[in-house]
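In full-length UniProt numbering, the protein residues as written are 1 to 393. All C-beta atoms in this analysis are idealised placements derived from N, C-alpha and C, irrespective of residue type, glycine included. Here the structure comes first, spelled out in structure tokens, and everything after it is commentary.
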Amino acid sequence: MVARTDRSSFAEWWWTIDRSLLAAFVALMVTGLVMSFAASPPVAERIGADQFHFVKRHAAFFLPALLVLFVGSFFTPRLVRRMALVTLIGGIALLAATLFFGQEIKGARRWLTIAGITVQPSEFVKPAFVIVVAWLFAERQRRPEIPGILFAVLLLIAMIGLLVAQPDFGQTMLTVIAWGSIFFVAGVPIFWVMVLGAAGVGGIYAAYTMLPHVTARINKFLAKFNGMEGAKANSTAFQADKALDSFASGGWLGRGPGEGTVKWILPDSHTDFIAAVMGEEFGILACLILASVIAYVVLRGLRHALATDDPFIRFSVTGLVTLFGVQSAINLAVNLHLVPSKGMTLPFISYGGSSLIAVALGMSWLLALTRRRAQTTRIARSIHDEQPLEALA
Numbered sequence: 001m002v003a004r005t006d007r008s009s010f011a012e013w014w015w016t017i018d019r020s021l022l023a024a025f026v027a028l029m030v031t032g033l034v035m036s037f038a039a040s041p042p043v044a045e046r047i048g049a050d051q052f053h054f055v056k057r058h059a060a061f062f063l064p065a066l067l068v069l070f071v072g073s074f075f076t077p078r079l080v081r082r083m084a085l086v087t088l089i090g091g092i093a094l095l096a097a098t099l100f101f102g103q104e105i106k107g108a109r110r111w112l113t114i115a116g117i118t119v120q121p122s123e124f125v126k127p128a129f130v131i132v133v134a135w136l137f138a139e140r141q142r143r144p145e146i147p148g149i150l151f152a153v154l155l156l157i158a159m160i161g162l163l164v165a166q167p168d169f170g171q172t173m174l175t176v177i178a179w180g181s182i183f184f185v186a187g188v189p190i191f192w193v194m195v196l197g198a199a200g201v202g203g204i205y206a207a208y209t210m211l212p213h214v215t216a217r218i219n220k221f222l223a224k225f226n227g228m229e230g231a232k233a234n235s236t237a238f239q240a241d242k243a244l245d246s247f248a249s250g251g252w253l254g255r256g257p258g259e260g261t262v263k264w265i266l267p268d269s270h271t272d273f274i275a276a277v278m279g280e281e282f283g284i285l286a287c288l289i290l291a292s293v294i295a296y297v298v299l300r301g302l303r304h305a306l307a308t309d310d311p312f313i314r315f316s317v318t319g320l321v322t323l324f325g326v327q328s329a330i331n332l333a334v335n336l337h338l339v340p341s342k343g344m345t346l347p348f349i350s351y352g353g354s355s356l357i358a359v360a361l362g363m364s365w366l367l368a369l370t371r372r373r374a375q376t377t378r379i380a381r382s383i384h385d386e387q388p389l390e391a392l393a
């Protein structure tokens with residue numbers, strides 16, 4: 001147990017960190033490791049690899065991700081900004097490189113192989129993009145002469161261009177939503193919020209009408225609801241149907257670990273549809289607990305954002321929990337066949353080294369920014385109004 005009188009860096013970290021958020025992240029990471037054992041062996045067998053190929057790879061990334069989560073949570077807000085800026089610059093360079101040197105998988109170039117390790121740059125760019133945009137909006141409030149909004153808009157356009165070129169519309173949509181959440185919280189006039197919303201709807205319509213693969217994916221998703229023939233023949237619709245059936249098969253308590261059958265059918269059971277495997281083997285109740293933990297992270301983060309007077313921290317925390325929450329919601333919605341498949345992982349749960357480490361990086365910054373700093377919170381100020389600044393340290 002760490003004593004409150006201990007003045008070491010670790011003790012200071014321990015007594016200022018949001019331990020409930022930290023516990024939630026560690027619990028999600030352990031759940032992801034368990035689900036890797038449950039969901040990935042059939043996928044490995046289908047590709048002729050060792051049965052525990054994906055389990056071993058997930059475990060290999062687990063400890064580095066855990067290290068990133070803890071080390072990043074020690075950062076000061078200034079160090080978070082600097083690290084995010086460096087990560088964003090490097091990530092944008094790698095995003096551009098994927099267009100020329102990336103591996104083409106299912107018609108998209110989203111991955112680079114560096115020193116034998118496959119990396120998806122967009123995963124690392126997202127949290128860094130949020131932090132830098134939050135800083136731009138915060139600077140605009142602190143120094144109105146700086147065109148922070150203009151720079152933030154230009155950065156968004158650059159990100160959209162690079163992601164659409166891959167193409168990766170799921171990450172594009174997620175990035176725009178995170179940017180929009182900061183835009184809204186920054187107190188921009190509602191007219192411009194409506195303009196952004198209209199632009200988003202227009203972008204979706206343009207993608208649907210002008211890009212054949214987007215048209216095909218949405219039409220195939222709608223085929224089931226329109227009673228169109230051939231919906232079952234489509235692999236994406238087939239996976240979504242089987243994922244939905246798995247929840248009914250598992251019931252409230254599940255069929256038991258290792259007793260599921262959907263993982264032997266779905267090619268993406270260890271990534272996009274890992275929630276379906278959880279639903280069948282561990283039950284709907286386990287999925288509801290998982291969704292509750294995710295919701296707790298989002299609501300806890302928003303509570304921190306509401307409590308601080310520091311605009312940079314408020315905007316950053318809002319953007320980070322929006323990324324985490326919306327990505328989780330999209331993945332779960334795909335498993336329930338509520339939205340078309342996006343190829344988006346479930347944070348901390350799905351297999352994927354880039355996703356695991358990048359989410360850990362973003363959440364480590366969330367932990368760092370939400371550490372208790374009495375001088376930046378309204379509650380602390382109201383309690384200690386009459387005390388000298390030294391008393392708040």
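Cβ-based neighbour list, residue i, same chain, cut-off 7 angstroms, excluding 5 preceding and 5 following
{"i": "Thr172", "result": "Ile160, Leu163, Val164"}
{"i": "Val339", "result": "Ile330, Ala333"}
{"i": "Gly352", "result": "Thr271, Thr345"}
{"i": "Phe312", "result": "Pro77, Ala134, Trp135, Ala138"}
{"i": "Phe151", "result": "Leu136"}
{"i": "Leu69", "result": "Phe25, Ala360, Met363, Ser364"}
{"i": "Leu95", "result": "Pro121, Ser122, Val125, Leu162"}
{"i": "residue 401", "result": "Residue 401 lies beyond the range of the chain shown here (1 to 393); nothing can be said about it."}
{"i": "Trp264", "result": "Pro42"}
Contact under 7 angstroms by Cβ, residue i with residue j
{"i": "Pro42", "j": "Leu369", "result": "no"}
{"i": "His53", "j": "Ala65", "result": "no"}
{"i": "Trp365", "j": "Gly48", "result": "no"}
{"i": "Leu88", "j": "Phe129", "result": "yes"}
{"i": "Tyr208", "j": "Thr215", "result": "yes"}
{"i": "Val193", "j": "Phe184", "result": "yes"}
Rounded C-alpha distance that separates residue i from residue j
{"i": "Leu323", "j": "Leu285", "result": "25 angstroms"}
{"i": "Ala59", "j": "Arg314", "result": "34 angstroms"}
{"i": "Ile146", "j": "Ala39", "result": "50 angstroms"}
{"i": "Arg7", "j": "Trp179", "result": "38 angstroms"}
{"i": "Val298", "j": "Gly325", "result": "6 angstroms"}
{"i": "Phe191", "j": "Ala199", "result": "12 angstroms"}
{"i": "Thr318", "j": "Leu196", "result": "18 angstroms"}
{"i": "Gly254", "j": "Thr31", "result": "16 angstroms"}
{"i": "Ile357", "j": "Val201", "result": "32 angstroms"}
{"i": "Ile149", "j": "Ile182", "result": "11 angstroms"}
{"i": "Ser316", "j": "Met29", "result": "23 angstroms"}
{"i": "Leu174", "j": "Ile289", "result": "24 angstroms"}
{"i": "Ser122", "j": "Gln166", "result": "10 angstroms"}
{"i": "Gly343", "j": "Asp268", "result": "9 angstroms"}
{"i": "Cys287", "j": "His304", "result": "26 angstroms"}
{"i": "Glu229", "j": "Phe238", "result": "Per-residue confidence for Glu229 stands at a pLDDT of 45, beneath the threshold of 50, marking its modelled position as unreliable; the derived number appears in the next sentence. Answer to the nearest angstrom: the Cα atoms are 13 angstroms apart."}
{"i": "Ile379", "j": "Ser20", "result": "Low per-residue confidence applies at Ile379: pLDDT is 41, beneath 50, and the placement is therefore not dependable enough to give any value."}
{"i": "Leu244", "j": "Gly283", "result": "13 angstroms"}
{"i": "Phe273", "j": "Asp309", "result": "40 angstroms"}
{"i": "Lys242", "j": "Ser328", "result": "20 angstroms"}
{"i": "Arg373", "j": "Val2", "result": "19 angstroms"}
{"i": "Ala295", "j": "Leu99", "result": "35 angstroms"}
{"i": "Arg57", "j": "Val86", "result": "27 angstroms"}
{"i": "Trp15", "j": "Leu156", "result": "37 angstroms"}
{"i": "Pro257", "j": "Ile117", "result": "31 angstroms"}
Neighbourhood of residue i by C-beta, 8 angstroms cutoff - its chain only, sequence neighbours within 5 removed
{"i": "Ala158", "result": "Ile92"}
{"i": "Gly170", "result": "Ile330, Lys342, Gly343, Met344"}
{"i": "Arg46", "result": "Pro267"}
Whole-angstrom C-beta distance between residue j and residue i, which should lie under 8 angstroms
{"i": "Val80", "j": "Ile131", "result": "6 angstroms"}
{"i": "Met83", "j": "Ile349", "result": "Incorrect: roughly 25 angstroms between the Cβ atoms, too far for contact."}
{"i": "Gly203", "j": "Ser246", "result": "About 33 angstroms; that fails the 8 angstroms criterion."}
{"i": "Val262", "j": "Val277", "result": "6 angstroms"}
{"i": "Trp13", "j": "Phe74", "result": "6 angstroms"}
{"i": "Leu22", "j": "Leu367", "result": "6 angstroms"}
{"i": "Val371", "j": "Ile114", "result": "It should be noted that the sequence gives Arg, not Val, for residue 371. Actually they are not in contact, since the Cβ atoms of Arg371 and Ile114 sit about 32 angstroms apart, beyond 8 angstroms."}
{"i": "Glu281", "j": "Gly251", "result": "That belief does not hold up - the Cβ atoms of Glu281 and Gly251 are roughly 11 angstroms apart, past 8 angstroms."}
Sequence-distant residues of its chain with Cβ nearer than 6 angstroms to residue i (five each side left out)
{"i": "Gly362", "result": "Pro127, Leu320"}
{"i": "Gln120", "result": "Arg110, Trp111, Ser354"}
{"i": "Phe62", "result": "Leu33"}
{"i": "Gln141", "result": "Pro311"}
{"i": "Phe37", "result": "Val55"}
{"i": "Phe10", "result": "none"}
Checklist entry - Is the number of C-beta pairs between the segment 328-335 and the segment 94-103 that are closer than 8 angstroms three or more? => result no
Checklist entry - Can at least three beta-carbon pairs, one atom from the segment 174-189 and one from the segment 137-144, be found at a separation below 8 angstroms? => result yes
Next on the checklist: Check whether the segment 106-118 and the segment 299-308 are in contact - that is, three or more C-beta pairs closer than 8 angstroms.
Outcome noted: Result no; under three Cβ-Cβ pairs closer than 8 angstroms.
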